[in-house]
Structure formats: C-alpha cells, structure tokens
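Asker: Under UniProt numbering, the first residue of the sequence shown carries the number 1, and numbering increases by one thereafter.
Think of the CB as a built atom: it goes at the ideal place given N, C-alpha and C, for glycine as much as any other residue.
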Amino acid sequence: MRIGKDAVVFTQTAESRTIAFLSRSFNEDKEEVDIPVITYRCKGKWMDFDLEVHTRGEAESRLQAVKQFSPFNEYSIGSKFAAFGNQPGTVICIYNLDRWGSNYSLEWETIDSEQKRKRDIWIRSRRVRMRMAQMTTKVPLDYSLHSYLEVMFLEPRMKIYVQGTLVKTRRLHKSLSNTRVFKGMLMGKKVELTLGFNQAERENGNCGIFLYWHGRLIEAYRRVGAMLHTADVGRGVIGVIDVTDIMRLGDGGVGVLNNKQGFQDIEEYVKLIEWLGTQADQYWDEHYDRLLVGKKDENAVYTPDFSWVQCNRCLKWRMLEAGANEKDLPDDWFCYMPPFRGSCMQPESEMEPGVVTVAATRNYGGANGGSNEKDEMEMSTTACNSTLSSKEQSDASLESDDNAKSKQIKPPILRRLKRGPVQVSKSRQQQPMKKLCRSG
C-alpha cells in the first residue's frame, strides 16, 4: 500500500473465486476501514455468490463499490478470471500509484522482445536501506521486485510472474557454498541457523542474516557479531533462519511489526541477535583462511554446494547431478527433462549429502539463568542413503557398529614424530626387509 492508493485482488481455486478491494480512495472519509470482499462458489457450470459468506444484497453492494472506485467493471472482472482458465491463481492490480517527483515512484523496465532476460519493476530512486556497517549500495533486493520475490519465501511453492516473465525463485538456504547448520536453544525454544558463502553477495560487498517468519522474509542482511564493526568481516557470508517459534510471545502475540518489515525490540529478539552473532563469528573464524584471505583468492569463484531446480508442474525441488547448472536450463523446466529425467510422482529431494551439521545447545535466560549441561559442540555428517546400494548400506551399518565399540576403547597417546631419516636398529638390519607402516 506504500506504492499505490488502491488495489484489487482476484483469486481463484477449483471451487471458488474471490475479489478483495483494498482502497484508500474508498475509505477516505470513513472512520473505520472497510474492505469489500465478494466470494463466488461453483454451482454446476456456473459461479454464483457464496451465500454462506454473505447475503446476495451484501455481495451486490460490495461489487458496486469495486465498480465505482476502481477501473474494473463486470466485463474486465470476467476477463481477469478467464485468464486463469481452470487453474488456481492470484492477480493483484495496484493503481493510483504514488509519485516521486514528477514521475511515478516505480519504474518499469522495458526491453526488446529479442532480449531474453527478466523484465523488472524498480523503485525509481534506487534507494538502499540503511544498515549498520554497510558500505555498499549494490543491494538489488531493496529496490528490485524480481530480486525481492526470488527470496521472499523460505520454501517457494508458487509460480510468480513480473511483467510476463517468470521469477526464478530460490531456496536461499540451499544455494550456499561451505554450508553449515547451527542448532541451539534460546529461552526454551529451538533455533536453527544455516550459514554459508554466496559468490554474488561477496562481489556486491553484502553479508548478514535473512530472518523468516512463517516462511516469509521479514528482515534481510541483518549484520550480527563482528559484521557490525567493519564492512570486510563476513563479506559474502549469508545466514538463513526461521524465527517463528522464538518470536511467538507468551501472551499470544508476535514479535513482528505490523508492516512485516522488522521485529519489535523485545528480549527474545535481543537474545536471538546475540546468539546469531556468536555463530556467525565462529563460522567466519573457521572459514576465514579458506574463503577470502590473500590476493591469490580474490579471483576465486565459489559455487553452491548443490544445484537445485523447481519443476513448473509439481513445484517440487530437484537436486541436480554434479556439474549441472540450473542457469543452463529453460524457464519452463519439468521433471521429465534432463538432467533429472524423472517423474513428478517422485518425492522431493530433502537430504543434502556431505553437509556438516553443527549442534550447540544453549539456554539463555532459562530457569538456571545460564547454559545447561549440553553446551558442547557436536559434529555429524549426513549422507544421502538413497544413493547407496543394499550392500553398501549393510557395510555402513556394520562399520557404524564397529565405530561405536571403538569409542569405548581409550585411544593411545600419540606423540609428534620428528622429521629426519628413519632410524633402523641393528637387529632389524639383519632381518629381511619388510614393508613397514605407521598406525595411530
């Protein structure tokens, strides 16, 4: 509602249609905000007013308000729904757009039909939000509708078009390199943070945590820990976390602002930012030498751990084989196409082989006022068992049993070996030469 005074929403399912009218023009002289909503229900081959939602008189009165205060009449409304065909979908039409100077606050990107790239909608000022310790102005998410919609949802399950071009949505937490997962407890609630490295964000000088609430992006590039003190620390490091549980307050409220663009200044949020800073600093210390140190690494390119693509029919995410690049695939990609060559009936890939999970259990502000007994770091590596044969799985289970038994045996004390030629005793010199190996 900050880019236009009025909006009409058309949405359709298999059995119903709904029109919602959000209008400042309609409510200009009213003390209470009125949002007319008209619902239709399928009856045979026809759509008629849903009398379980409203009376026929109420529906006709609300429909008249839409016709009077919007550019839509019964014919244009019908054409909007006809565009759906038999498929479900939603169209949002915003009009009476706000202006910035002598022109609209929005700018529509126009390109030749021969150019095969996205047609975007920009905020014309190209303003970037103020963030502590941020020096770069290359933050497309702040002013590009395409860039924002790409990461707006934690688990994208819909097809979104901007100016007729498909938005290539991304599961941000699955598109990072050197991925690590940190788990913990804050004020008696579980939290899980995914940290990794992003090549594009490194080139733009960005970093920070993306905080989602009920799978919807609330805050992006939230700098934490040492990132707050200098622009170089954490450059290219991106974190992803869903804060639905920790931001659910005890009185039934939530710690999210009404505009869905930030969080309230409450204890839960402060504790969360402290915990995020600790994990981000640890990740940066462990990967500093590998990621960004030295001039020899300035031209290095870091690719995601795995490549993913979404089917345009079933909307399931498929993990591509090594060497495949989702950028080389067509926009209208389906499960039967290479390199997946599968079926929409196959379950979605959920396990990420080779991703190391770091678990830390902490209880800030709990009953004991400090950390609990499980305050140590645990390392585990997940493997994709679906790619193993039955024999390999049985061997792996036997190996795990042997490992469990070996943990009960106290390992020998190892001493650092000095460099130099191997000293051989006289008794060994007289024996036939045998192949020697060091164990330990």
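By how many angstroms is the C-alpha of R216 removed from the C-alpha of V9?
Answerer: Taking the first residue of the sequence shown as position 1, residue 9 is located at position 9. Taking the first residue of the sequence shown as position 1, residue 216 is located at position 216. Cα to Cα, V9 sits roughly 19 Å from R216.
Asker: So E201 is in the alpha helix (DSSP H); what residue range does that whole segment cover?
Answerer: To locate residue 201, count along the sequence shown from 1; it is residue 201. 199 to 204 is the span of the alpha helix (DSSP H), which, as asked, contains E201.
Asker: Taking the beta strand (DSSP E) that Y212 belongs to, which residues open and close that run?
Answerer: To locate residue 212, count along the sequence shown from 1; it is residue 212. Looking at the DSSP string, the run of the beta strand (DSSP E) that includes Y212 is 208 to 213.
Asker: From the DSSP output, in three-state form, read off V191 for me.
Answerer: As a working mapping, residue 191 is identified with position 191 in the sequence shown. Of the three classes helix, strand and coil, the one that applies to V191 here is strand, per DSSP.
Asker: Just to confirm before moving on: does the CB-CB distance between R126 and Y143 stay below 8 Å?
Answerer: Reading the sequence shown from its first residue, position 126 is the one you call residue 126. Reading the sequence shown from its first residue, position 143 is the one you call residue 143. Contact: yes.
Asker: Is R170 closer than 8 Å to V139 when the C-beta atoms are compared?
Answerer: Position 139 of the sequence shown, counted from the first residue, corresponds to residue 139. Position 170 of the sequence shown, counted from the first residue, corresponds to residue 170. Not in contact: V139 and R170 (Cβ atoms no closer than 8 Å).
Asker: Considering only C-alpha positions, which residue in the set D48, I238, R17, T244 is nearest to P88?
Answerer: Here the question's residue 88 lines up with position 88 in the sequence shown. The residue with the shortest Cα to Cα distance from P88 is R17.
Asker: Kindly indicate which three-state DSSP category D289 falls into: helix, strand or coil?
Answerer: As a first step, residue 289 is located in the sequence shown; it is residue number 289 there, counting from the start. Looking at D289 - three-state DSSP - the assignment turns out to be helix.
Asker: Can you give, in chain order, each stretch of the alpha helix (DSSP H) that sits fully within the segment 46 to 78 and has at least 4 residues?
Answerer: Entirely contained in the segment 46 to 78, the alpha helix (DSSP H) runs reaching 4 residues are, in chain order, 56 to 69.
Asker: Going by beta-carbon coordinates alone, are F210 and A220 separated by less than 8 Å?
Answerer: Position 210 of the sequence shown, counted from the first residue, corresponds to residue 210. Position 220 of the sequence shown, counted from the first residue, corresponds to residue 220. Cβ atoms of F210 and A220: closer than 8 Å.
Asker: With DSSP run on the structure shown, which of helix, strand or coil describes D281?
Answerer: Reading the sequence shown from its first residue, position 281 is the one you call residue 281. Residue state, collapsed to three classes: helix.
Asker: Candidates I19, D29, A280: which alpha carbon is nearest L63's?
Answerer: Mapped onto the sequence shown, residue 63 falls at position 63. For L63, the nearest C-alpha among the options comes from I19.
Asker: Measuring straight from C-alpha to C-alpha, what distance separates G234 and T13?
Answerer: By 1-based counting over the sequence shown, the position of residue 234 is 234. By 1-based counting over the sequence shown, the position of residue 13 is 13. When rounded, the distance between both Cα atoms is 45 Å.
Asker: How should P347 be labelled, buried or exposed, when 16 other C-beta atoms within 10 angstroms of its C-beta is the threshold for buried?
Answerer: On the sequence shown, residue 347 is found 347 positions in, with the first residue counted as 1. By the 10 Å Cβ count, P347 comes out exposed.
Asker: So who's on the other strand from M158, going by DSSP bridges?
Answerer: Within the sequence shown, residue 158 is the residue found at index 158, counting from 1. Answer is none; M158 lacks a bridge partner.
Asker: Considering just the uninterrupted stretch of the alpha helix (DSSP H) at L149, what are its terminal residues?
Answerer: If you number the sequence shown from 1, residue 149 lands on position 149. Where L149 is concerned, the enclosing alpha helix (DSSP H) stretches over 145 to 150.
Asker: What's the gap between the Cα of K183 and the Cα of C42?
Answerer: Residue mapping note: residue 183 aligns to position 183 of the sequence shown, counting from 1. Residue mapping note: residue 42 aligns to position 42 of the sequence shown, counting from 1. K183 and C42: Cα-Cα distance of roughly 47 Å.
Asker: Using alpha carbons as the reference points, say which of F334, K327, Y302 lies closest to K316.
Answerer: Within the sequence shown, the letter at position 316 stands for residue 316. Per the Cα distances, F334.
Asker: Where do the ends of the beta strand (DSSP E) carrying W108 lie?
Answerer: Start at 1 with the first residue of the sequence shown, and residue 108 comes out as number 108. 106 to 108 is the extent of the beta strand (DSSP E) around W108.
Asker: Need the endpoints of the beta strand (DSSP E) that V309 sits in, please.
Answerer: Start at 1 with the first residue of the sequence shown, and residue 309 comes out as number 309. Segment 308 to 310, the beta strand (DSSP E) holding V309.
Asker: Verify the CB distance criterion: does Y302 have a CB-CB separation below 8 Å to chain D?
Answerer: The structure shown has no chain D; it contains just one protein chain.
Asker: Rounded to a whole number of angstroms, what is the C-alpha to C-alpha distance between S76 and A82?
Answerer: In the sequence shown, residue 76 corresponds to position 76, counting from 1. In the sequence shown, residue 82 corresponds to position 82, counting from 1. Answer to the nearest angstrom: the Cα atoms are 10 Å apart.
Asker: Name the residue from T55, I3, L276 whose alpha carbon lies nearest to the alpha carbon of R99.
Answerer: The count along the sequence shown starts at 1 and reaches residue 99 at position 99. Checked all of T55, I3, L276; the closest Cα to R99 is I3.
Asker: So for D34, helix, strand or coil by DSSP?
Answerer: Locating residue 34 in the sequence shown gives position 34, counting from the first residue. DSSP places D34 in coil when its eight states are reduced to three.
Asker: Roughly how many whole angstroms lie between the Cα atoms of Q68 and L51?
Answerer: For the purposes of this step, residue 68 is taken as residue 68 along the sequence shown, with counting starting at 1. For the purposes of this step, residue 51 is taken as residue 51 along the sequence shown, with counting starting at 1. Using only the alpha carbons, I get a separation of about 23 Å.
Asker: Report all residues from its chain with a CB closer than 6 Å to the CB of Y212; omit the five preceding and five following residues, and keep chain order.
Answerer: Within the sequence shown, numbered from 1, the residue matching residue 212 stands at position 212. So the list reads L154, D242, once near-sequence residues are dropped.
Asker: Taking 8 Å as the cut-off, does the segment 251 to 265 touch the segment 198 to 210 (at least 3 CB pairs, one atom from each stretch)?
Answerer: The segment 198 to 210 vs the segment 251 to 265: no contact.
Asker: Just confirm the distance between the C-beta atoms of R124 and N103, as a whole number of angstroms; I'd bet it's less than 8 Å.
Answerer: Within the sequence shown, residue 124 is the residue found at index 124, counting from 1. Within the sequence shown, residue 103 is the residue found at index 103, counting from 1. Indeed they touch by this definition, with Cβ atoms about 7 Å apart.
Asker: Exposed or buried, C311, counting other C-beta atoms within 10 Å across all chains shown (16 or more means buried)?
Answerer: If you number the sequence shown from 1, residue 311 lands on position 311. Buried.
Asker: So if DSSP puts N103 in a beta bridge, which residue, or which two residues, is it bridged to?
Answerer: Locating residue 103 in the sequence shown gives position 103, where the first residue counts as 1. BP columns for N103 point to W100.
Asker: On a Cα-Cα basis, can you pick out the residue from V162, D34, G44 that is closest to I121?
Answerer: Along the sequence shown, one-based indexing puts residue 121 at 121. Among V162, D34, G44, the Cα nearest to that of I121 is on V162.
Asker: Is DSSP giving Y269 helix, strand or coil here?
Answerer: Locating residue 269 in the sequence shown gives position 269, where the first residue counts as 1. The answer is helix: DSSP assigns Y269 an H, G or I state.
Asker: Please return the same chain residues whose Cβ sits closer than 8 Å to the Cβ of A324, not counting the five positions on each side in sequence.
Answerer: One-based indexing of the sequence shown puts residue 324 at position 324. For A324, where only same-chain residues beyond five positions count, the Cβ hits under 8 Å are S307, P339.
Asker: Beta strand (DSSP E) containing D242: first to last residue?
Answerer: Here residue 242 is taken as the residue at index 242 of the sequence shown, counted from 1. Here the beta strand (DSSP E) through D242 covers 237 to 242.
Asker: Report the rounded CA-to-CA distance for K327 versus W284, giving the unit in angstroms.
Answerer: Walking along the sequence shown from the start, residue 327 turns up at place 327. Walking along the sequence shown from the start, residue 284 turns up at place 284. Taking the straight line joining both Cα atoms gives about 29 Å.
Asker: Taking the C-alpha atoms as reference points, what is the distance between S349 and V309?
Answerer: Within the sequence shown, the letter at position 349 stands for residue 349. Within the sequence shown, the letter at position 309 stands for residue 309. About 11 Å.
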